[in-house]
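J.:
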Amino acid sequence: MSRRAWIYVWTVLLAGVLLGGLALSQVEPSTPHWPAFLTLILLATIAQLFKVEAPNHQLYHVTLVFLFAGVLLLPPALFVPLVIIPHLIEWARERWQDTEYLRDWYLQPFNIAVHIIAGSLAGWIITTVRGYTFLLPASLLAIATGAFVYVLLNHGLIGVALALARGVPLNKSGILEFENLLTDFVLLCLGAIFATLWLLDPWLAGLAGTPLVLIYRALLVPQLKAQARLDSKTGLWNARYFLELYTSELERAKRFNRPLSLIMADLDLLRNINNTYGHLAGDAVLAGIGKIIRDNIRTYDIAGRFGGEEFAIVLPETDTTEVRFIAERIRQVVEDTGFEVCSSPTPISATLSLGTASFPDDATTPDELIHQADIAVYQAKLLGRNCVVRASEVPQHLQLAAVVPERMEMPHNFPFVPRPSAPAAHVNPVSTPPPRSVSQNGRPPSAQPTRD
Numbered sequence: 009m010s011r012r013a014w015i016y017v018w019t020v021l022l023a024g025v026l027l028g029g030l031a032l033s034q035v036e037p038s039t040p041h042w043p044a045f046l047t048l049i050l051l052a053t054i055a056q057l058f059k060v061e062a063p064n065h066q067l068y069h070v071t072l073v074f075l076f077a078g079v080l081l082l083p084p085a086l087f088v089p090l091v092i093i094p095h096l097i098e099w100a101r102e103r104w105q106d107t108e109y110l111r112d113w114y115l116q117p118f119n120i121a122v123h124i125i126a127g128s129l130a131g132w133i134i135t136t137v138r139g140y141t142f143l144l145p146a147s148l149l150a151i152a153t154g155a156f157v158y159v160l161l162n163h164g165l166i167g168v169a170l171a172l173a174r175g176v177p178l179n180k181s182g183i184l185e186f187e188n189l190l191t192d193f194v195l196l197c198l199g200a201i202f203a204t205l206w207l208l209d210p211w212l213a214g215l216a217g218t219p220l221v222l223i224y225r226a227l228l229v230p231q232l233k234a235q236a237r238l239d240s241k242t243g244l245w246n247a248r249y250f251l252e253l254y255t256s257e258l259e260r261a262k263r264f265n266r267p268l269s270l271i272m273a274d275l276d277l278l279r280n281i282n283n284t285y286g287h288l289a290g291d292a293v294l295a296g297i298g299k300i301i302r303d304n305i306r307t308y309d310i311a312g313r314f315g316g317e318e319f320a321i322v323l324p325e326t327d328t329t330e331v332r333f334i335a336e337r338i339r340q341v342v343e344d345t346g347f348e349v350c351s352s353p354t355p356i357s358a359t360l361s362l363g364t365a366s367f368p369d370d371a372t373t374p375d376e377l378i379h380q381a382d383i384a385v386y387q388a389k390l391l392g393r394n395c396v397v398r399a400s401e402v403p404q405h406l407q408l409a410a411v412v413p414e415r416m417e418m419p420h421n422f423p424f425v426p427r428p429s430a431p432a433a434h435v436n437p438v439s440t441p442p443p444r445s446v447s448q449n450g451r452p453p454s455a456q457p458t459r460d
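In C-alpha cells, the structure reads:
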C-alpha cells in the first residue's frame with residue numbers, strides 16, 4: 009500500500025482503540041445488561057459466520073442487526089466487546105481454514121475499528137437527541153438519525169480505504185450506491201425493532217429475528233443472478249453479459265472523455281493439450297487461466313470468456329502503457345504456472361497470446377476496438393505465440409490472416425511454443441481477419457475461424 013493508505017489505516021485503527029479503551033474503562037461488573045449482552049453476542053457471532061458476497065465483491069452480514077441493537081440496549085463498555093468478539097471468531101475461523109479472505113493482518117482490526125467508531129458516534133447522537141427515554145414517539149427521529157450516521161460512517165470509512173489502498177474509486181467500488189446504503193439501513197432498522205421488543209419482553213425479541221432468514225435469502229438473489237451470468241468453467245463473465253458490461257463501460261469512457269483499454273487473450277494450442285492429455289485437461293487449463301485472470305486484475309476491471317479458448321478483459325481508466333504492463337503480467341503468470349491435470353503425473357504448461365487496444369487511440373466504437381485487439385492477437389500468433397502485441401504495433405503494411413497458418417502448428421506432444429527471441433521477418437502479407445461484432449446475441453460469430 010501507499011504511504012497515504014497506511015497513514016489512513018493507522019488513523020482509523022488508533023481512533024477505534026481510543027474510543028474502545030475509553031468505553032471499556034467505564035465497565036461496571038454489576039450491570040443489569042448482561043442477559044442482553046450475552047444474547048446479542050451469541051446471535052451476532054452466528055450472523056457474522058454467514059456472509060453473502062454481491063457481484064461487485066461487496067460482502068453483506070446481517071450482524072448489523074445485532075450490533076445496532078447493542079447500540080440501543082447496551083452501555084458503551086459492553087458494545088465494544090459485542091463488536092470485537094464476533095469479528096475475532098470469524099477471523100480465527102478463516103485463518104484455521106487458511107482462506108484468502110481476511111488474510112492481511114490489518115483487515116479485521118480495521119473492520120472492528122470502523123464499527124466501534126460508527127457505533128460510538130451513532131450511540132452518542134441517539135442519546136443526545138432523545139435523552140435516555142426509549143419507548144417514546146420522539147425516539148423515532150433519534151434512532152433514524154443514528155442509523156443513518158452508522159451506515160454512512162461504516163461505508164464511507166471503508167470506501168476511502170479501498171480508494172487509497174487498492175486504487176478503487178468510490179464511484180467504482182459501489183460502496184456508496186443508494187441500494188447498498190439502503191440495505192444496511194434496513195438491517196439497522198430491524199435492529200431497532202429487536203431492541204424495542206427486548207425492552208417490552210425479551211421473549212418477543214425472537215420474533216424480530218425471524219425476518220433475517222428472508223433477508224439472508226434476499227441478499228443471495230444478486231449472487232444467484234451473477235452465477236447465471238458466469239461462465240461455468242472459468243468463473244468469468246459469459247460472452248453475452250461481458251459484452252453488455254463492455255459496451256456500457258465504453259460509453260462511460262466516451263461520455264467523460266476517459267481512457268479505456270481492452271485485452272484479448274487466446275490460449276495457445278489448446279487443441280494439442282486436448283489431444284495429448286484429454287479434454288478434461290483442457291478444461292482444467294481454462295479454469296486455471298480464468299483464476300489467474302481474476303487474481304491479476306483490479307476490482308473494477310471486467311473479464312469474460314469471449315469464446316472457446318479466448319478471453320477478454322476491459323480495463324477502465326487504463327491507457328496504452330498501463331494495459332501493456334497488465335497484459336504482460338498475466339502472460340508471465342500463465343507461463344510460470346503448472347496446471348494440475350488428472351491425466352498427467354506432472355503439471356502441464358500453457359501460454360497465452362495477447363493483443364491490446366485502447367480507446368481513443370486505437371478505436372472509438374465497441375466493434376472496432378475488439379477488432380483492433382483481435383488483429384493484435386493474430387500478430388502475436390504470427391510472432392510465435394506467448395507474447396503481448398499492442399494494436400499500434402501491428403505494421404501498417406502487414407495484413408494478418410484470419411487463421412494461423414498450418415505450417416505454424418506444433419506436434420501434438422508439445423503443449424506450447426516458447427516465445428522466440430526475435431520476431432520472424434519472413435511472414436508474407438495475407439488477408440485481414442474479419443471484424444467481430446458485439447451485436448450478435450452477445451457472442452462471437454460461430455463461423456469465426458479457429459486459431460491455435
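So the sequence shown is numbered by the numbering used here: it starts at 9 and just counts up by one. By construction, the Cβ of each residue, glycine as well, lies at the ideal position given by its N, Cα and C atoms. This structure is a prediction, so every number in the text was calculated from the model and none was measured.
1) To the nearest angstrom, how far is the alpha carbon of Asn-188 from that of Lys-59?
2) Tell me whether Lys-299 is buried or exposed, calling it buried when 16 or more other Cβ atoms sit within 10 Å of its Cβ.
3) Beta-carbon separation of Gly-175 and Arg-302 under 8 Å?
4) Could you give the first and the last residue of the continuous alpha helix (DSSP H) run that contains Gly-28?
5) For Leu-80, which of Ile-97, Ala-55 and Phe-45 has the nearest alpha-carbon?
6) Kindly give me the distance between the Cβ atoms of Ile-125 and Leu-96, rounded to whole angstroms, as I take these residues to be in contact under 8 Å.
7) Fully enclosed by the segment 310 to 373, which alpha helix (DSSP H) runs are 4 residues long or longer?
8) Which one or two residues does DSSP pair with Leu-270 in a beta bridge?
9) Excluding the five sequence neighbours on either side, which residues of its own chain have a C-beta within less than 6 Å of the C-beta of Ala-430, listed in chain order?
10) Could you check whether Val-91 and Leu-198 sit closer than 8 Å to each other, using their CB atoms as the reference points?
11) For Ala-85 and Asp-106, I'd like the C-alpha separation in whole angstroms.
12) Once the 5 residues before and after Gly-296 are set aside, which same chain residues still bring their CB inside 7 Å of it?
13) Measuring CA to CA, which of Trp-14, Glu-98 and Pro-37 is closest to Ile-474?
14) Bridge partners for Lys-485 per DSSP, in chain order?
15) For His-69, does the three-state DSSP call read helix, strand or coil?
16) What is the rounded straight-line gap between the Cα of Thr-354 and the Cα of Thr-242?
17) Would you check if the distance between the CB atom of Ala-200 and the CB atom of Ala-247 is smaller than 8 Å?
18) Which of helix, strand or coil does DSSP assign to Leu-275?
19) How would you label Ala-236, buried or exposed, when you count the other beta carbons within 10 angstroms and need 16 or more for buried?
20) Going by C-alpha distance, which of Gly-78, Asn-304, Ala-384 and Tyr-386 is nearest Gly-127?
21) Measure the alpha-carbon distance for Val-341 versus Val-17 and round it to whole angstroms.
22) Measure the beta-carbon distance from Ala-320 to Phe-250 and round it to whole angstroms, keeping in mind my assumption that it falls under 8 Å.
23) Output needed for Leu-161: all residues of its chain with C-beta closer than 6 Å, excluding positions within five of it in sequence on either side, in chain order.
24) Can you confirm whether the segment 313 to 329 touches the segment 267 to 283 when touching is taken to mean that 3 or more C-beta pairs between the two stretches lie within less than 8 Å?
T.: Judging by the given coordinates:
1) What you label residue 188 is simply residue 180 of the sequence shown in a count that begins at 1. What you label residue 59 is simply residue 51 of the sequence shown in a count that begins at 1. Going by the C-alpha atoms only, they are around 15 Å apart.
2) Taking the sequence shown and counting its residues from 1, the one referred to as residue 299 is at position 291. Looking at its Cβ environment, which holds fewer than 16 other Cβ atoms inside 10 Å, Lys-299 is exposed.
3) If you number the sequence shown from 1, residue 175 lands on position 167. If you number the sequence shown from 1, residue 302 lands on position 294. Result no, Cβ atoms of Gly-175 and Arg-302 do not sit closer than 8 Å.
4) Counting from 1 along the sequence shown, the entry for residue 28 is found at position 20. For Gly-28, the uninterrupted alpha helix (DSSP H) segment begins and ends at 11 to 32.
5) On the sequence shown, position 72 is the one that residue 80 refers to. Checking every option, the nearest Cα to that of Leu-80 belongs to Phe-45.
6) Locating residue 125 in the sequence shown gives position 117, where the first residue counts as 1. Locating residue 96 in the sequence shown gives position 88, where the first residue counts as 1. The Cβ separation is near 18 Å, so there is no contact.
7) Those alpha helix (DSSP H) runs which fall completely within the segment 310 to 373 and span 4+ residues are 328 to 344.
8) By 1-based counting over the sequence shown, the position of residue 270 is 262. Val-322 and Ala-365, per the DSSP bridge assignment.
9) Position 422 of the sequence shown, counted from the start, is the residue given in the question as residue 430. Its pLDDT being 35, under 50, Ala-430 is placed unreliably in this model, and the coordinates cannot settle the point.
10) Position 190 of the sequence shown, counting from 1, holds the residue named residue 198. Position 83 of the sequence shown, counting from 1, holds the residue named residue 91. The answer is no: Cβ separation not under 8 Å.
11) Within the sequence shown, numbered from 1, the residue matching residue 85 stands at position 77. Within the sequence shown, numbered from 1, the residue matching residue 106 stands at position 98. Distance between the alpha carbons of Ala-85 and Asp-106 is about 32 Å.
12) In the sequence shown, residue 296 corresponds to position 288, counting from 1. Within the same chain, Thr-345 and Phe-347 come within 7 Å of Gly-296 by CB-CB distance, once the 5 residues on both sides are set aside.
13) Outside the shown range of the chain, which is 9 to 460, sits residue 474, and nothing can be said about it.
14) The chain is shown only over 9 to 460; residue 485 falls outside these bounds and no answer can be derived.
15) What you label residue 69 is simply residue 61 of the sequence shown in a count that begins at 1. Reduced to three states, the DSSP call for His-69 is strand.
16) On the sequence shown, position 346 is the one that residue 354 refers to. On the sequence shown, position 234 is the one that residue 242 refers to. A straight-line Cα-Cα distance of about 22 Å links Thr-354 and Thr-242.
17) The residue given as residue 200 occupies position 192 in the sequence shown. The residue given as residue 247 occupies position 239 in the sequence shown. The beta carbons of Ala-200 and Ala-247 sit no closer together than 8 Å.
18) The residue given as residue 275 occupies position 267 in the sequence shown. Looking at Leu-275 - three-state DSSP - the assignment turns out to be strand.
19) One-based indexing of the sequence shown puts residue 236 at position 228. Burial call: exposed.
20) Residue 127 sits at position 119 when you count from the first residue of the sequence shown. Ranking Gly-78, Asn-304, Ala-384 and Tyr-386 by Cα distance to Gly-127 puts Gly-78 first.
21) As a working mapping, residue 341 is identified with position 333 in the sequence shown. As a working mapping, residue 17 is identified with position 9 in the sequence shown. Using only the alpha carbons, I get a separation of about 30 Å.
22) One-based indexing of the sequence shown puts residue 320 at position 312. One-based indexing of the sequence shown puts residue 250 at position 242. The Cβ separation is near 6 Å, so the contact holds.
23) Stepping through the sequence shown from its first residue, residue 161 is reached at position 153. Around Leu-161: Ala-126.
24) With three or more CB-CB distances shorter than 8 Å, the segment 267 to 283 counts as touching the segment 313 to 329.
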